[in-house]
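Novice:
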Amino acid sequence: MSGLEKYWYIACRADDLRQRPRASRILGRRLVLFRDTGGRAVALEDRCLHRGAPLSQGRVCAGELECPYHGWRYDGDGALRAIPALAELPPLDRAHLARFPCVEQDGYVWVCLDPDPARVAPTPFANLDQPGWTSFRMYTRFEASVTACLENFLDCPHATWVHRHWFRTPTGKPVRAVVRTRDDGAEAEYFEEPREKSAVWWLLSPSRSEMKHTDRFIAPNTSKVDYAFSNRRHYTITSSCTPVTDTLTDVYTVISFRFPVFGPLVRLFFTPLSRRIIQQDVDILDATQANNGAHDRQAMLVTPADLLVPHILAWRRALEDITAPPPAGRETEVELRL
Ligand code: FES
Ligand SMILES: [Fe+2]
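If you read the sequence shown in my numbering, its first letter stands for residue 29, the second for the next number, and so on.
#1: Please list, in chain order, all residues with a C-beta atom less than 6 Å from at least one heavy atom of ligand 2.
#2: Tell me whether His98, by its Cβ, gets closer than 6 Å to a heavy atom of ligand 1.
#3: Kindly identify the DSSP beta-bridge partner or partners of Tyr136.
#4: Here's the rule I'm using: 16 or more other beta-carbon atoms within 10 Å means buried, otherwise exposed. How should Tyr167 be labelled?
#5: Do the segment 127-140 and the segment 236-249 make contact, defined as three or more Cβ pairs closer than 8 Å?
#6: Within 10 angstroms of the Cβ of Ser268, are there 16 or more other Cβ atoms? Answer buried if so, exposed if not.
#7: Between Ser237, Leu276, Ala214 and Tyr97, which has its C-alpha nearest Lys252's C-alpha?
#8: Once the 5 residues before and after Gly56 are set aside, which same chain residues still bring their CB inside 6 Å of it?
#9: Answer with buried or exposed for Gly86, where buried requires no fewer than 16 other C-beta atoms within 10 angstroms of its C-beta.
#10: Over the uninterrupted alpha helix (DSSP H) stretch that includes Ala342, give me the two end residues.
#11: Rounded to whole angstroms, what is the Cα-Cα separation between Pro145 and Trp36?
#12: For ligand 1, I want to know if His339 counts as a neighbour, meaning its beta carbon is within less than 6 Å of at least one of the ligand's heavy atoms.
#13: For Cys40 versus Arg53, is the C-beta spacing smaller than 7 Å?
#14: Got a sec, what are the start and stop residues for the beta strand (DSSP E) Leu61 sits in?
#15: Count the other CB atoms within 10 Å of the CB of Arg358; is the residue buried (16 or more) or exposed (fewer)?
#16: Across the segment 307-321 and the segment 201-219, are there enough close Cβ pairs to call them in contact, namely three or more that are closer than 8 Å?
#17: For the candidate residues Glu171, Arg325, Tyr97 and Leu114, whose alpha-carbon lies nearest to that of Gln308?
#18: Can you tell me which residues form a DSSP beta bridge with Thr168?
#19: Find out if the Cβ-Cβ distance for the pair Tyr102, Leu117 is shorter than 7 Å.
#20: Just curious, the alpha helix (DSSP H) that Ala256 is in, first and last residue?
#21: Taking Cβ to Cβ, would you say Trp343 is nearer than 7 Å to Ala256?
#22: Return the chain-ordered list of same chain residues with a C-beta closer than 7 Å to the C-beta of Thr209, the five sequence neighbours on each side being excluded.
#23: Please confirm if the segment 88-105 is in contact with the segment 59-69, defined as three or more CB-CB distances below 8 Å between the two stretches.
#24: For my contact list, Thr188 and Pro202 are in at a C-beta cut-off of 8 Å; report their separation, rounded to the angstrom.
#25: What's the gap between the Cα of Leu108 and the Cα of His78?
#26: Starting from Val367, trace the alpha helix (DSSP H) in both directions and tell me its first and last residue.
#27: In the DSSP assignment, what residue or residues form a beta bridge with Leu34?
#28: Identify whether Ser84 lies in helix, strand or coil by the three-state DSSP scheme.
#29: Buried or exposed: where does Ala69 fall if 16 or more other Cβ atoms within 10 Å of its Cβ makes it buried?
#30: How far does the alpha helix (DSSP H) with Phe181 in it extend, from its first residue to its last?
#31: When you compare each of Arg165, Thr275 and Ile283 to His262 by their alpha carbons, which one comes out closest?
#32: Quick one, which of Leu32, Asp183 and Val148 has its alpha-carbon nearest Leu366's?
#33: Which residue comes first and which comes last in the beta strand (DSSP E) that contains Met239?
#34: Taking Thr299 as the reference, which of Pro82, Ala346, Ile265 and Ala113 has the closest Cα?
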């Protein structure tokens, strides 16, 4: 068993789980989600005990899950409650589907594959639904591993190439970056970062207010990019990665911002802009994974400019192997050219 099974992953939006069952896949395990008699979200193994039909293709009847093949019914605990072809349920061994810890938080349904989760609650989304803040959500599927996604979301230099003119344009200017290890991951803070010549900065920060930019990795599967400005504007992009398989990742992103005036109006521009930028990441990660597959190995040369990459790798390896994570409180400094 991988230690990564002990963490919480988003299975779907809470609003998307209504009358019908939903299929979900986490770390290769196929699950069915539905709402039981009390409206509680539950996650069970998506395989009927009778002949193995996918229960996610069945129905929910009075809070019980009905198999599409012969109509066997299961309750929210995964217990077999009825076999329609028999007047009475006979005593059966093992008449119970595997059930997984499942909670609703921040408008999502989260599942842990281990009956004993490593943490009581999932990592929360920053600034969601806070007074004065506006948020919007995005869902993106990447043909890439969770590690590759996190690296990308927390990687400053790629923005200059992949998001040229949209987010960054190469200036070659020196930027100082400080990397700190934390008790839940690691973060990088950037100083004297160029902001000219791109659509994002034209929209978000046309004035020359001071900016504090930090990229943070929260183990094992969350990235948080934060831009705080001296004029009270503030943007936070939090992404939670769900490993569908080793090479497929569902990313749930919440973009939250505080924009003293016209907050809802900014959202009008910000939504399509964010989609455009994330699509550029989808394209480059898809192409990279396909290329690594075609060459039968992953290229993995890590340099000091890959600020958070060693920390992402070390943390994820430690949690997977259930060994001690890297120590907190270390600080290093790197000079980048952006
Ligand atoms: S396979 Fe599910 S009821 Fe027969
Ligand atoms: Fe990107």
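No residue lacks a Cβ here, since even glycine has one placed at the ideal position from N, Cα and C.
Please read all numbers here as calculations on a predicted model, not as lab measurements.
Specialist: Let's see:
#1: Near ligand 2, meaning a beta-carbon closer than 6 Å to one of its heavy atoms, we find Asn180, His186, Ala187, Val190, His191 and Asp309.
#2: Yes, ligand 1 has a heavy atom inside 6 Å of this Cβ.
#3: In the DSSP output, where bridge partners are listed per residue, Tyr136 has Arg41 and Gln133.
#4: With a 10 Å radius around the Cβ and a threshold of 16 neighbouring Cβ atoms, Tyr167 comes out exposed.
#5: No, because fewer than three Cβ pairs between the segment 127-140 and the segment 236-249 fall closer than 8 Å, the two stretches do not touch.
#6: It counts as buried.
#7: Between Lys252 and the set Ser237, Leu276, Ala214 and Tyr97, the nearest pair of CA atoms involves Ala214.
#8: Thr273.
#9: Buried, since its Cβ has 16 or more Cβ neighbours within 10 Å.
#10: From DSSP, the alpha helix (DSSP H) with Ala342 extends over Val337 to Asp349.
#11: Cα-Cα distance, rounded: 7 Å.
#12: Checking every heavy atom of ligand 1 against the Cβ of His339, none is found closer than 6 Å.
#13: Not a contact, by the Cβ cut-off of 7 Å.
#14: Note, Leu61: beta strand (DSSP E), Arg57 to Arg63.
#15: Under this definition Arg358 is an exposed residue.
#16: Because the criterion of three Cβ pairs below 8 Å is not met, the segment 307-321 and the segment 201-219 do not touch.
#17: Among Glu171, Arg325, Tyr97 and Leu114, the Cα nearest to that of Gln308 is on Glu171.
#18: Looking at the DSSP output, Thr168 bridges to Val279.
#19: Taking 7 Å as the cut-off, the beta carbon of Tyr102 is found no closer than this to the beta carbon of Leu117.
#20: In the DSSP assignment, Ala256 falls outside any alpha helix (DSSP H) and within the unbroken beta strand (DSSP E) covering Thr250 to Phe257.
#21: Against a cut-off of 7 Å, the Cβ pair of Ala256 and Trp343 comes out as no contact.
#22: So the list reads His339, Pro354, Pro355, Ala356, Gly357 and Arg358, once near-sequence residues are dropped.
#23: With the rule of 3 Cβ pairs closer than 8 Å, the segment 88-105 counts as touching the segment 59-69.
#24: Contact between Thr188 and Pro202 is ruled out by a C-beta separation of about 14 Å, above the 8 Å threshold.
#25: Rounded to whole angstroms, Leu108 to His78 spans 10 Å at the Cα level.
#26: Since the first residue shown for the chain is 29 and the last is 366, residue 367 is missing from the structure and cannot be characterised.
#27: Correcting the residue type first, residue 34 is Lys in the shown sequence and not Leu. Paired residues: none, contrary to the question.
#28: Note: Ser84 maps to helix in three-state DSSP.
#29: Buried: at least 16 other Cβ atoms inside 10 Å.
#30: For Phe181, the enclosing alpha helix (DSSP H) begins and ends at Val174 to Phe181.
#31: Ranking Arg165, Thr275 and Ile283 by Cα distance to His262 puts Ile283 first.
#32: If you compare the alpha carbons of Leu32, Asp183 and Val148 with that of Leu366, the shortest gap goes to Asp183.
#33: That run of the beta strand (DSSP E) goes Met239 to Ile246.
#34: Considering only Pro82, Ala346, Ile265 and Ala113, the residue with the shortest C-alpha distance to Thr299 is Ile265.
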